[in-house]
Each structure stands twice: as C-alpha cells, then as structure tokens.
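Counting with the numbering used here, you get residues 299 to 666 for the letters of the sequence shown.
Right, one structure below, let's go through it.
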Amino acid sequence: MRLREYEAKELFREAGIATPKGIVIKYAEEIFGVENFPCTLKTQVLTGGRGKAGGIKFADNADDAYQKAQDIFKLPIKGDLPVAILVEPKVVIKKEIYTAILIDRAYRGPIIMASSEGGVEIESSENIQIVPIPGGNYNPYLGRKMATKLGLSGKDVIKYGNIVNRLWDVYTKYDCDLCEINPLIVDGDDNFVALDGKIVINEDALDRQPRFDGMLGEHLTDLGEREFRGKMCGLNIVELEGNIGILCNGAGLTMATMDLVFHHGGKPSNFLDVGGGASKSHVARALDLVSSDKNVKVLLVNILGGITDCVEVANALKYYKETRPEANLVVRLVGNNEEAAQQIMNQAGIPMTNVLDEAVKKAVAVAA
C-alpha cells in the first residue's frame with residue numbers, strides 16, 4: 299500500500315526526519331489561510347510523474363496560488379485526481395540527495411540505495427550507490443558508510459547518517475517495502491530536509507499495523523474494478539485479454555498452468571492464486587471473481603492440495619455449479635483428501651482429472 303506524500307512525511311516527522319512545514323488543503327479556497335509565500339503546491343496522488351504532468355507548481359502570492367490550486371485539483375495524473383494538495387514554503391536548495399531503503403533480490407535482503415543527486419528516474423542512474431544491510435541487521439555505521447560513498451564530509455557525515463538511522467526506524471516499524479526520500483536536500487541553513495517522501499507498506503503486514511486500519515481501499519486507486527474487489531477480500535487477480543479464467547494455488551503452479559494454456563494455443567483472461575489453506579468460502583469468492591469477467595468462456599481450476607484441503611475446494615465448486623449451472627468448468631484437483639473430493643465432484647456432476655495437461659487441453663478446446 300503506497301502512501302501519499304503528506305502521509306509519508308507525517309511518519310518521517312514522527313521519526314525525527316525534518317520536512318518543510320506544510321499544510322494539506324482539500325479545497326482551493328483554503329489557500330487563503332496560508333501565510334508564507336512564495337510557496338510550492340504539490341498534488342497528492344498515488345502515481346509518479348507529478349512534476350512532468352504539471353502537478354507541482356510555485357506561487358508568489360495567495361491569488362496566484364488560488365488559481366494554480368484550482369488547476370491542480372482538476373488535473374488527473376495518470377487518471378488519478380488529487381485528494382488534496384500539499385502546500386509548503388519554497389525552500390533554498392544547496393544540494394539534493396536521493397536516499398531509499400528497500401528490499402533487493404540480488405542482495406537477498408534490505409539495502410540502502412542513494413545517489414549524490416536527486417531527480418526523476420534516479421534509481422537507474424549510473425551514480426547510484428548501494429550499501430547492503432546484512433541479514434536485515436542494521437547498524438548505524440552503515441548510514442555513515444553511505445555518506446562517505448556519496449562524498450559527504452565533516453558534520454554532514456553524522457547528519458546524513460542520522461537521517462538513514464531514522465529512515466530505517468520507519469522502515470522496520472511500519473513493515474515497509476520501500477522508504478524513499480527524493481530529494482533529501484541540504485537547505486540554506488545546512489540542514490538536511492526531506493523535500494519529498496514515498497513509503498510503500500507491505501499489504502500482508504497490514505493486520506499488525508493498526509495505524510493504517512481502513513486505509514487500504516482509498517489507497518488502491520490505480521487498480522481495475524476486479525483487482526480492487528479482490529484486494530478487499532484478500533485475493534490477488536491479474537487481468538489479461540483472453541477467454542480462459544485460471545484459478546490455482548501457489549505462484550509456481552499458477553505460472554506453470556498459464557504457460558501450458560499458451561503452449562496449447564489458449565489465452566488466459568485472468569489468473570488468480572488462491573493461496574494455501576483456502577477455505578470453502580475463500581475459494582467461492584475466488585471463483586466469483588475470476589468468472590465475473592464477461593470474456594471468460596471456461597474456468598480452469600488447478601489445485602494441488604497440500605495445506606489446502608481438496609474437500610474445501612470441491613464444496614466450493616459444487617456450490618458454484620449449483621448457482622451457475624451454465625458455467626463451463628474444467629477441474630484438476632489432486633492431493634490432500636482427493637478421494638473424498640472426487641465423491642463430492644461426482645455428486646455435483648463436475649468432471650475431474652488429476653492430469654494437468656489433459657485439463658489444459660480440454661479448457662483450450664472449450665474456450666475455442
């Protein structure tokens with residue numbers, strides 16, 4: 299779950315990272331309550347590219363700011379209209395630094411990533427420096443190590459190291475996938491200030507983060523309707539352009555099933571990994587979600603029962619068939635309680651196989 303800039307900066311300030319003293323407005327008229335000019339007006343959306351799209355503007359006085367705030371509120375960024383505008387005093391910038399903490403697969407854990415310059419798409423810059431955090435065991439010297447890699451010296455090494463320490467506190471406290479400051483600036487008084495902030499919370503950890511209760515729905519504006527519905531009930535669906543709906547359990551099995559569909563000339567309409575240990579109700583919701591796409595001509599279910607009980611899946615399929623007798627189902631169901639599941643499927647009149655290639659070929663044929 300990605301936070302908006304003003305939400306990220308709130309967490310930064312609580313951790314002791316300085317940010318400009320801004321206010322959040324939800325109506326253009328609120329700009330007349332701003333006292334300090336010139337100011338910066340920043341659209342609050344969940345997508346990137348705000349500056350290039352015209353979502354960040356500068357104003358010299360209240361009337362100028364009012365007109366620009368009206369324009370920003372009407373301006374969608376990649377289809378996303380702002381919920382608010384962050385108004386901050388314009389600051390003197392002596393230096394810009396990009397700094398982030400994130401998970402990196404190549405290092406098999408969290409890393410500090412930074413550059414001696416800020417800006418757009420800086421992550422792909424040749425100037426990027428990386429300091430791994432071995433085993434996720436952070437030590438304050440790592441922040442100072444990054445400072446020297448960036449060419450900082452004297453007191454700036456300590457100041458920058460403290461920023462990284464506090465960024466790590468935010469990263470771990472809130473189960474983040476990413477904590478980013480772009481740019482972290484040195485202002486006219488030689489203070490380090492987070493001029494922008496980006497935080498992504500791991501959605502699987504939201505249950506243990508009461509601070510974000512009820513926030514997920516309003517932070518998923520970049521999803522399609524079906525993907526949004528899935529997120530709201532703990533399901534991840536990926537939409538494609540074919541006519542075969544795929545329901546599996548486990549990422550590897552899901553990908554293998556989709557590859558086989560393509561191999562035999564079919565095209566998935568969407569695919570969903572129902573996960574391990576799914577109950578009847580969970581599988582039923584997944585079936586509803588996958589089949590709600592009007593392009594789906596056949597539903598291919600491929601479940602390998604390990605943690606998942608095949609009986610739970612069979613009961614969900616039985617209920618699904620009872621409520622949608624016209625639906626085309628192709629089912630491969632093997633593993634835990636397979637025999638009992640087979641009896642339920644026989645009673646429901648749903649053919650079932652334990653050979654994946656056979657199931658995929660049949661689904662492709664039905665879809666065609």
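Note that beta-carbon positions come from the ideal geometry of N, C-alpha and C, so glycine has one too.
Which residues in the same chain as valine 390 place their Cβ atom closer than 8 Å to its Cβ, once the five residues preceding and following it in sequence are excluded? Asp485, Gly486
Limits of the beta strand (DSSP E) - the one that leucine 357 falls within: This sequence places alanine at residue 357; leucine is not what is there. That run of the beta strand (DSSP E) goes 354-357.
Where do the ends of the alpha helix (DSSP H) carrying glycine 633 lie? Counting along the chain, glycine 633 falls outside any alpha helix (DSSP H), though it belongs to the beta strand (DSSP E) covering 627-633.
Of all the beta strand (DSSP E) runs that stay within the bounds of the segment 322-406, which reach a length of 3 or more residues? 337-341, 354-357, 383-387, 393-402
Is the distance from the Cβ of aspartate 655 to the Cβ of leucine 558 below 8 Å? yes
Indicate the three-state DSSP secondary structure (helix, strand or coil) for glutamate 478 in the structure shown. Strand, per DSSP.
Applying the 10 Å Cβ sphere with the 16-neighbour rule, what's the burial state of aspartate 361? exposed
Report buried or exposed for proline 432, applying the criterion of at least 16 other Cβ atoms within 10 angstroms of its Cβ. exposed
Could you compute how far the alpha carbon of glycine 633 sits from the alpha carbon of cysteine 474? 36 Å
Neighbourhood of valine 575 by C-beta, 7 Å cutoff - its chain only, sequence neighbours within 5 removed: Just to set this straight, residue 575 is glycine in the shown sequence, not valine. For glycine 575, where only same-chain residues beyond five positions count, the Cβ hits under 7 Å are Ile605, Thr606.
How about isoleucine 648 and valine 629: do their beta carbons lie closer than 8 Å? yes
So, are the CB atoms of alanine 382 and isoleucine 323 less than 8 Å apart? yes
Local Cβ density within 10 Å of proline 336, reported as buried at 16 or more and exposed below that: exposed
Cα-Cα separation between glycine 441 and alanine 313, rounded to whole angstroms: 16 Å
With distance defined between alpha-carbon atoms, name the residue in Glu539, Asp571, Asn593 nearest to methionine 553. Asp571
According to DSSP, what are the bridge partners of isoleucine 483? Glu394, Val491
Residues in its own chain within less than 7 Å of asparagine 334 by CB, not counting five upstream and five downstream? Cβ neighbours of asparagine 334 beyond the five flanking positions: Pro387.
Short of 6 Å in beta carbon distance, which residues of its chain neighbour histidine 562, apart from the five on each side in sequence? Order them along the chain. Val658, Lys659, Val662
Whole angstroms are fine: how far does the CA of isoleucine 395 sit from the CA of glycine 377? 30 Å
Apart from the five residues just before and just after aspartate 620, which ones in its own chain have a Cβ nearer than 8 Å to its Cβ? Before going further, note that residue 620 is glutamate rather than aspartate in the sequence given. Within the same chain, glutamate 620 has close Cβ partners Ala646.
Compute the distance between the beta-carbons of isoleucine 544 and leucine 598, then report whether it is under 8 Å. A contact, by the Cβ cut-off of 8 Å.
Identify every residue that forms a DSSP beta bridge with aspartate 557. Beta-bridge pairing links aspartate 557 to no other residue.
Could you compute how far the alpha carbon of leucine 631 sits from the alpha carbon of lysine 496? 43 Å
Alpha-carbon spacing of threonine 446 relative to lysine 393, whole angstroms: 15 Å
Can you give me the C-alpha to C-alpha distance between serine 413 and alanine 351, rounded to a whole angstrom? 24 Å
Just the Cα atoms here: how many angstroms apart are arginine 300 and isoleucine 499? 6 Å
With DSSP as the reference, identify every bridge partner of isoleucine 544, one or two as the case may be. Phe569, Leu598
Using CA atoms only, rank isn't needed, just tell me which of Gly347, Lys340, Pro318, Gly349 is closest to glutamine 368. Lys340
CB of isoleucine 321 within 8 Å of CB of valine 343, strictly: no
Give the DSSP-derived three-state secondary structure of lysine 592 in the structure shown. Lysine 592 carries a coil assignment under DSSP once its states are collapsed to helix, strand and coil.
Whole-angstrom C-beta distance between glycine 603 and asparagine 644, which should lie under 8 Å: Going by Cβ atoms, the distance from asparagine 644 to glycine 603 rounds to 17 Å, so no, they are not a contact pair.
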